[in-house]
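**Q**
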Amino acid sequence: MAYVIKGLTAVNENENTDIQSLVELCNKFDKTHYSYFADTCFKEADDINTFLLYDKNKLISAISLFTPRSCEAEVLAYTHPDFRRQGLFTILLAEAAVEMKKRNIPDFLFVCDKKAVTSQMVMELIGAKYEYSEYSMSLDAKKFTPAENRPDVEIRPVQAADKSELARINSEAFHESIEESENFIEEFFTGGRRLFHTVLYNGKIAGMIGVYVEDVRYYIHGVCVDKSLRGKGIGRQALSFAVEKFSKVNPLMAINLDVHAENEGALGLYLNAGFEIVSALDYLRLPIK
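Count along the sequence shown from 1, then add 4; that gives the number in this note's numbering.
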């Protein structure tokens with residue numbers, strides 16, 4: 005069987021439609037909740053982050069990469085249920101590995117829904133090692149309770165002068181290097197779809213909250229508070245601000261976020277604010293040979 009493989013630096017409307025249809029089919033078959041969005045952040049214009057495999061004009065397998073850190077490429081993979089166990093994922097993964105070597109990215113970090121039994125079996129087969137789990141959460145607007153306004157907490161659009169302090173807070177919160185945190189924050193200034201706010205407590209920079217505007221959802225991420233100021237309800241204020249702001253912009257858009265499964269404090273915060281767990285995701289690492 006002669007397949008057609010496409011490595012894309014950008015996704016056009018027809019290709020996006022093909023991918024969305026494949027993701028929907030896989031979700032229905034596997035009872036998962038994957039989503040796809042052609043993220044153009046954290047990449048150069050000629051970087052290839054999407055790999056598609058066609059049988060004639062039918063998309064039957066796809067891999068998408070997300071590279072917010074230089075140490076790894078997050079991988080989402082989808083294969084049509086009727087075409088599994090034929091090595092299609094292996095073919096596309098080899099193409100992706102060539103691209104990652106060009107960019108000096110050493111590891112794949114696979115994102116696997118716990119319900120995706122086939123994916124878990126493939127991860128074991130290729131030797132990917134479990135690293136951590138996250139919960140993917142979605143807001144139930146009926147359960148959302150806004151936080152009361154507080155005069156000691158101010159939330160405003162990020163300013164260039166905030167960068168160094170936010171990089172420090174982000175680095176400590178997510179156990180990243182200062183350089184990685186600086187690159188992450190810089191993307192909010194240049195990416196276009198990422199909206200970024202600084203959180204202040206009694207006039208001092210206390211943390212941040214970011215919202216990524218995708219086609220059908222708002223994705224809250226990068227939420228962190230200075231470790232010396234945690235437990236004061238600052239994170240709850242930031243979360244309430246983001247939910248209220250973007251619910252008004254487009255009430256029809258979903259509001260989603262991910263949280264580390266072991267972060268009981270953050271998980272409790274999100275549950276109390278009206279978010280519900282949609283799926284549990286495992287992250288598995290594989291060095292690129």
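Glycine included, each C-beta is placed from N, C-alpha and C at the ideal position.
Spell out the partners DSSP gives Arg160 in its beta bridges.
**A** Beta-bridge pairing links Arg160 to Thr202.
**Q** With a threshold of 8 Å, are at least 3 pairs of Cβ atoms found where one atom belongs to the stretch 86-105 and the other to the stretch 5-15?
**A** Yes: at least three Cβ pairs fall under 8 Å.
**Q** Helix, strand or coil: how does DSSP classify Ser74 here?
**A** Three-state DSSP puts Ser74 in coil, outside helix and strand.
**Q** What three-state label does DSSP hand Asp86 in the structure shown?
**A** Asp86 falls in the helix class under three-state DSSP.
**Q** From His179 to Cys228, what distance separates their C-alpha atoms?
**A** Answer to the nearest angstrom: the Cα atoms are 12 Å apart.
**Q** Pop quiz: Phe250 and Val215 are said to be a contact at Cβ under 8 Å. What is the actual Cβ separation, rounded to whole angstroms?
**A** Confirmed, Cβ separation roughly 6 Å.
**Q** Which residues mark the beginning and the end of the alpha helix (DSSP H) in which Asn276 is found?
**A** Glu268 to Ala277 is the extent of the alpha helix (DSSP H) around Asn276.
**Q** Please go through the same chain and pick out, in chain order, the residues whose beta-carbon is closer than 7 Å to the beta-carbon of Glu158, but skip the five residues on each side of it.
**A** So the list reads Leu204, once near-sequence residues are dropped.
**Q** According to the Cβ coordinates, are Glu184 and Cys45 closer than 9 Å?
**A** Their beta carbons are not under 9 Å apart, which means Glu184 does not touch Cys45 by this criterion.
**Q** From this set, Met257, Phe93, Ala171 and Leu29, which residue's C-alpha is nearest Thr54's C-alpha?
**A** Out of Met257, Phe93, Ala171 and Leu29, Phe93 has the C-alpha closest to the C-alpha of Thr54.
**Q** Find out if the Cβ-Cβ distance for the pair Cys30, Thr21 is shorter than 9 Å.
**A** Cβ distance not < 9 Å, so Cys30 and Thr21 don't count as in contact.
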